[in-house]
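Visitor: Letter by letter, the sequence shown follows residues 411 to 664 of our numbering.
Cβ coordinates follow ideal geometry from the N, Cα and C atoms, glycine included.
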Amino acid sequence: MDYLQFMQPILDSWQQLGGEIKTIACYEGFPVYGLKKTVVQAQGSIIITSGIHGDEIGSLCGLNDWIQQDFASLQHNLNVYVLPCLNPMGVVKQQRATGSGVDLNRQFHIDTHPIVQGIRKFLGTERFLLSLDLHEDLEEAKFYLWEIRDQAKDISRLVVDCMRNHFPISDAEAPDGILVHEGIIAGDITSVSQRIAKRLAGHPFAYFMTQYYTNYSITTEIPGQGDVEQRKSAQKALLNCVFGLDLVNEKRGN
Ligand SMILES: [Zn+2]
C-alpha cells in the first residue's frame with residue numbers, strides 16, 4: 411500500500427473539518443500524523459489510534475472511511491485526538507511488525523522511541539475519558555476487546571453490544587491465551603501490569619496510555635478473517651457507537 415496516498419484523503423478531510431494536523435514523528439522514513447479537533451465546552455477528550463500493526467487493514471481503512479464519511483455529521487461534545495497510522499512501514503509492507511521487524515505494540519516502555527516521544531509531545535498534559543486503540547485479530551472469527559481501567563466501567567459492555575450485529579462475540583475462549591468473558595478481557599491497572607511483566611516482551615500502547623493519560627483504555631479486536639468491506643463497515647459502526655455513548659456517565663447517549 412502507498413502510505414502517503416492512503417493518508418492524503420484523511421488529512422484533506424481533517425483540514426476541511428477545521429482540525430489541526432501535526433507531524434508527530436518521522437519514523438522509518440515516513441511522517442506519522444497526529445490529528446486534533448477541539449470543541450467549545452467539551453465534556454472531555456477521546457483518543458483513537460490505529461495502524462500499530464500494519465496488516466490490520468479493516469480497522470485502519472475503517473477509521474479512514476469513518477473520518478471521511480461519518481465524523482463530520484456526528485453530534486458530540488468531545489475533543490478528539492486521532493493517531494490514524496502509527497506504523498507506516500508496516501502498512502507499506504502489509505505486515506504486523508515495523509520495517510525493522512519489531513512489534514510496535516511492545517515498544518511503549520522505551521522513552522527514547524521516536525513514536526513514544528512524538529506521542530508524548532503531541533498529547534502534552536491532556537487527560538482522556540477514553541483511549542480507543544483499533545486492532546484486528548487476523549486469526550479470530552469472533553469479536554473481543556481488551557480493557558484496562560482503574561475501576562469497573564460499563565463502556566466496554568456497550569461497545570460489545572454494538573458489535574453483536576456484525577460478528578459473533580467471543581466468550582469463554584482464549585484467543586491470546588487469556589480467557590475472554592462475554593467479549594471482554596478486563597483488567598485493572600495492577601493486574602494488567604503483572605500480566606505484562608509475566609507474558610509480554612514490552613509495554614503495549616494501551617498500558618502506556620493508562621500509565622500517563624487515561625483511566626480507561628480499550629483495545630478492540632475485530633475478527634480479521636472475514637470480508638474486508640464488512641470489517642471496514644463494522645469498524646465504522648464501532649466508532650459511531652462510541653460517539654453515541656455518554657462517556658462521562660457511562661451509558662448510551664440520547
Ligand atoms: Zn493488532
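Counting C-beta neighbours from all protein chains within 10 Å, is the total for Q425 16 or more, i.e. buried, or is it exposed?
Guide: The residue in question, Q425, is exposed, as its Cβ has fewer than 16 Cβ neighbours within 10 Å.
Visitor: Cα separation between E660 and L488?
Guide: Distance between the alpha carbons of E660 and L488: 14 Å.
Visitor: Who are the near neighbours of Y437 in its chain, counting only those whose CB is closer than 7 Å to its CB and skipping five residues on each side?
Guide: P498, P524 and I525.
Visitor: Taking all protein chains shown into account, do 16 or more other C-beta atoms lie within 10 angstroms of the C-beta of P419, making it buried, or fewer, making it exposed?
Guide: Looking at its Cβ environment, which holds fewer than 16 other Cβ atoms inside 10 Å, P419 is exposed.
Visitor: So, is V590 buried or exposed, given that buried needs 16 or more other C-beta atoms within 10 angstroms?
Guide: Under this definition V590 is a buried residue.
Visitor: When the Cβ atoms of the region 443 to 462 are set against those of the region 564 to 578, are three or more pairs found closer than 8 Å?
Guide: Taking 8 Å as the limit for Cβ pairs, the verdict is that the region 564 to 578 does not touch the region 443 to 462.
Visitor: Can you name the residues that DSSP bridges to H591?
Guide: Note: H591 sits in a beta bridge opposite I594.
Visitor: Only counting the same chain, and skipping five residues up and downstream in sequence, which positions put a Cβ closer than 7 Å to that of L429?
Guide: For the sequence presented, residue 429 should be read as Gly rather than Leu. Cβ neighbours of G429 beyond the five flanking positions: L445, K446 and K447.
Visitor: When the distance is taken between beta carbons, is M619 closer than 7 Å to V501?
Guide: No, they are not a contact pair.
Visitor: Taking the alpha-carbon positions, what's the Y617 to Y491 distance?
Guide: Taking the straight line joining both Cα atoms gives about 18 Å.
Visitor: With 16 other CB atoms within 10 Å as the buried threshold, where does L493 fall?
Guide: Classification of L493: buried, given that the 10 Å Cβ count is 16 or more.
Visitor: Per DSSP, D656 is paired with what?
Guide: Answer is K661.
Visitor: Quick check: does the Cβ of E466 come within less than 6 Å of any heavy atom belonging to ligand 1?
Guide: E466 Cβ: within cutoff of ligand 1.
Visitor: Quick one: give me the first and last residue of the alpha helix (DSSP H) that I628 is part of.
Guide: Segment Y626 to P633 is the beta strand (DSSP E) holding I628; no alpha helix (DSSP H) there.
Visitor: At a cut-off of 6 Å, would you count H613 as near ligand 1, judging by its Cβ distance to the nearest heavy atom?
Guide: Incorrect: H613 has no Cβ contact closer than 6 Å to ligand 1.
Visitor: In the DSSP assignment, the alpha helix (DSSP H) including G444 goes from what residue to what residue?
Guide: Not the alpha helix (DSSP H): G444 falls in the beta strand (DSSP E), residues F440 to K447.
Visitor: Along the beta strand (DSSP E) that carries A435, what are the first and last residues, could you check?
Guide: Segment E430 to Y437, the beta strand (DSSP E) holding A435.
Visitor: Starting from the Cα of K646, find the closest Cα among T624, D465, G511 and N474 and give me that residue.
Guide: Residue N474 is the option with its Cα nearest to K646.
Visitor: Nearest to F440 by alpha carbon, out of L421, S423 and L496?
Guide: F440 has its Cα closest to that of L496, out of L421, S423 and L496.
Visitor: Tell me the rounded alpha-carbon separation between S587 and I595.
Guide: Looking at the sequence itself, residue 587 is Gly, so the reference to Ser does not match. Between G587 and I595, the C-alpha separation is close to 11 Å.
Visitor: Could you check whether the region 597 to 604 touches the region 556 to 565, counting it as contact only if at least three pairs of C-beta atoms, one from each stretch, sit closer than 8 Å?
Guide: Cβ pair count under 8 Å is three or more, so yes.
Visitor: Please name the residue, chosen from D543, H463, Y554 and F518, that lies closest to S603 on a Cα-to-Cα basis.
Guide: If we check each option's Cα against that of S603, F518 comes out closest.
Visitor: In the DSSP output, what is T459 paired with across the bridge?
Guide: For T459, which the question treats as bridged, DSSP gives the partners L493 and D543.
Visitor: Could you tell me the alpha carbon to alpha carbon distance between G528 and K432, rounded to whole angstroms?
Guide: Distance between the alpha carbons of G528 and K432: 10 Å.
Visitor: What do you reckon, is the C-beta of H545 under 6 Å from a heavy atom of ligand 1?
Guide: True, at least one ligand heavy atom lies under 6 Å from that Cβ.
Visitor: Mind reading off the beta-carbon distance from V652 to V569? Whole number of angstroms is fine, and I expect it under 8 Å.
Guide: The Cβ separation is near 6 Å, so the contact holds.
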